[in-house]
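K.L.:
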Amino acid sequence: MHLATLGWDDYFSRQFESLEGDGLVPARIVEQHKNGYITYGEHGEWQAEVTGRFLHVLAGLVGFPAVGDWVGVRPLPNEDRALIHTLLHRRTQFARKVAGSAIEEQVVASNVDVVFLVTGLDGNFSLRRIERYLTEAWSSGAQPVVVLNKADLCDDVAARVKTVQSVAPGAPVHAVSAARNEGVDVVRGYLTPGRTIAFLGSSGVGKSTIINRLLGEDRQEVQAVSNAVGKGRHTTTSRSLLLHPDGGMIIDTPGMRELQLWASEDDVEQSFTDIELLADRCRFSDCTHTTEPGCAVVAAVDNGSLDEGRYRSYTKLQKEVQRLQRFQELREHTRGGGDLSRVHGTRQILERIREPTRGRRDFGGVSIVDRDER
Ligand SMILES: Nc1nc2c(ncn2[C@@H]2O[C@H](COP(=O)(O)OP(=O)(O)OP(=O)(O)O)[C@@H](O)[C@H]2O)c(=O)[nH]1
Ligand SMILES: [Mg+2]
Ligand SMILES: [Zn+2]
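Residues 248 to 621 (this note's numbering) make up the sequence shown, in order.
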């Protein structure tokens, strides 16, 4: 298999130049399990795991290879196994804060070119969730595309598309029905040789069904949404990267129960450019758009030109990323041996900050395989 088929290009080969001398070969992570990985390389498939040394120098969960990553491996002689020695810099990474209260970044999929945020046009539909996913997607560096699946269950698809477009500046919005195989060609249009697309969204929205349509075969298991889904059953249980026979790669992921942001204020701004545009007209340049006089954002909510739900969503996501940023700054501060006793309001925060544990596969209860995937 040609590496280019797997998405290998100058960005990665430049990083690899210094590693070739060590007898390492490049491979791409196509599956991640509790105890290891499956990788593809020029010479085929390997079961792979990270070396003890890799674990030792690891700085946090984010440093673990994720599906989509390029790694340097050393194949074991006469076996279909290999050891992962190094992780190449990611071009893009879709991350989130791990579920629960720990402050750790977890990579869901990496080196993705286009990230499809899938929502069902049924009871699952939520504009607020779409805004949240879009913020994380802008943070990833990949191009976000919103997919409204199950169009067959919706009476006014055009109206829904229009509403979603109003909360998704910069991201194309497509309505499809994977069940009826309608609209899927538009999604297929994004899949070109060497490119990687990924599907993200809650459980049961039809990610795997769409992927099966793209592949033209029932590769991924699909299951009716049942009441059990709410209790944590997921049909797709691990992330995997699939090669399309005509070129291009597709990453399927298990539905996410919660997407806690790992993003910055800039990412929220990119996802709310309409509000940022209004904010240019606020009286104060550091306006928080809450209680200040002369706030153009609040004025727009009052006169009905800005939807209040969207405004609330904006302030909520801003607060979330600001808190995250504060956590990160405090962690840096403690690393530097700084005294935190005088920093206001740090007690509870400190209890939740954990130095990423080195040399361990679990990070104080946070496993490299997240809850959704067990
Ligand atoms: N009515 C309708 N049902 C669909 C459509 N696409 C998928 N479904 C159904 O939705 C259910 C869930 O589909 P999956 O593809 O398993 O959903 P998923 O997003 O992969 O779910 P997880 O793997 O749990 O994250 C299945 O019963 C599908 O048949 C659609 O376009 N219309
Ligand atoms: Mg699935
Ligand atoms: Zn303002």
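Where a beta carbon is used, it is the ideal one built from N, C-alpha and C, also for glycine.
Predicted model only: the values in this text are computed from it and were never measured.
#1: Threshold first: 3 residues or longer. Then list the beta strand (DSSP E) segments lying entirely within the region 358-439, N to C.
#2: From Asp521 to Arg460, what does the alpha carbon distance come to, in whole angstroms?
#3: Assign Leu467 to buried or exposed, taking buried as 16 or more other Cβ atoms, counted over all protein chains shown, within 10 Å of its Cβ.
#4: Classify Gln470 as helix, strand or coil using the three-state DSSP reduction.
#5: Could you check whether the region 342-358 touches the region 308-315, counting it as contact only if at least three pairs of C-beta atoms, one from each stretch, sit closer than 8 Å?
#6: With respect to the alpha helix (DSSP H) encompassing Gln565, which residues constitute its N-terminal and C-terminal limits?
#7: Look at the alpha carbon of Ser245 and the alpha carbon of Lys563, and state the distance between them as a whole number of angstroms.
#8: Please say whether Leu395 and Val359 have beta carbons closer to each other than 8 Å?
#9: Between Leu400 and Leu368, is the Cβ-Cβ spacing less than 8 Å?
#10: Skipping 5 residues on each side, what residues in its chain have a beta carbon closer than 6 Å to that of Cys534?
#11: Quick check: the Cα distance between Asp527 and His536, rounded to an integer number of angstroms?
#12: What would DSSP say about Lys344, mapped onto helix, strand or coil?
#13: Ordered along the chain, which non-local residues of its own chain (more than five positions away) have a Cβ less than 7 Å from that of Leu266?
#14: Assign Ser449 to buried or exposed, taking buried as 16 or more other Cβ atoms, counted over all protein chains shown, within 10 Å of its Cβ.
#15: Measuring only from the beta carbon, is Glu512 closer than 7 Å to any heavy atom that is part of ligand 3?
#16: Pick from Pro440, Tyr437, Leu381, Ala426: whose alpha carbon is nearest that of Lys454?
#17: How long is the line joining the alpha carbons of Ala547 and Ser518, rounded to whole angstroms?
#18: At what residues does the beta strand (DSSP E) containing Arg328 begin and finish?
#19: Please indicate yes or no: does the CB of Gln569 lie closer than 7 Å to some heavy atom of ligand 2?
#20: From what residue to what residue does the beta strand (DSSP E) around Ala445 run?
#21: DSSP state of Val309, grouped into three classes?
#22: Please work out which residues of its chain come closer than 6 Å, Cβ to Cβ, to Glu516, disregarding the five sequence neighbours upstream and downstream, and give them in chain order.
#23: In whole angstroms, give me the CA-to-CA distance for Ser552 and Val544.
#24: Tell me the DSSP secondary structure of His290 in three-state form.
#25: Note down the Cα distance separating Trp255 from Leu462, rounded to an integer number of angstroms.
#26: Buried or exposed: where does Ser560 fall if 16 or more other Cβ atoms within 10 Å of its Cβ makes it buried?
#27: With DSSP collapsed to three states, give me the class of His481.
#28: May I ask you to report which of helix, strand or coil DSSP gives His303?
#29: Is the beta carbon of Val545 within less than 7 Å of some heavy atom of ligand 3?
#30: Would the C-beta of Ser413 count as close to ligand 1, meaning under 7 Å from any of its heavy atoms?
#31: Quick one: what's got a C-beta closer than 6 Å to Arg486's C-beta in the same chain, skipping five residues either side?
#32: So for Gly268, helix, strand or coil by DSSP?
#33: Here's the rule I'm using: 16 or more other beta-carbon atoms within 10 Å means buried, otherwise exposed. How should Phe341 be labelled?
P.N.:
In this structure, then:
#1: 361-367, 390-396, 420-422
#2: Annotation: Asp521 to Arg460 spans about 35 Å, alpha carbon to alpha carbon.
#3: It is Gln, not Leu, that sits at residue 467 in the sequence shown. Label assigned to Gln467: buried.
#4: In this structure, Gln470 counts as coil in the three-state DSSP scheme.
#5: yes
#6: 555-582
#7: Residue 245 lies beyond the residue range present for the chain, which begins at 248 and ends at 621; the question has no answer from this structure.
#8: no
#9: yes
#10: Cys542
#11: 11 Å
#12: strand
#13: Counting only Cβ-Cβ distances below 7 Å, and skipping sequence neighbours, we find Gly319, Thr333.
#14: buried
#15: no
#16: Minimum Cα distance to Lys454 is reached at Ala426.
#17: Their Cα atoms are separated by approximately 18 Å.
#18: 328-334
#19: no
#20: Counting along the chain, the beta strand (DSSP E) containing Ala445 begins and ends at 443-447.
#21: helix
#22: Glu523
#23: Cα to Cα, Ser552 sits roughly 10 Å from Val544.
#24: coil
#25: As the crow flies, the alpha-carbon of Trp255 is around 22 Å from that of Leu462.
#26: buried
#27: Three-state result, His481: coil.
#28: helix
#29: Checking the Cβ of Val545 against ligand 3 gives yes.
#30: no
#31: Gln279, Val314, Thr500
#32: helix
#33: That one is buried.
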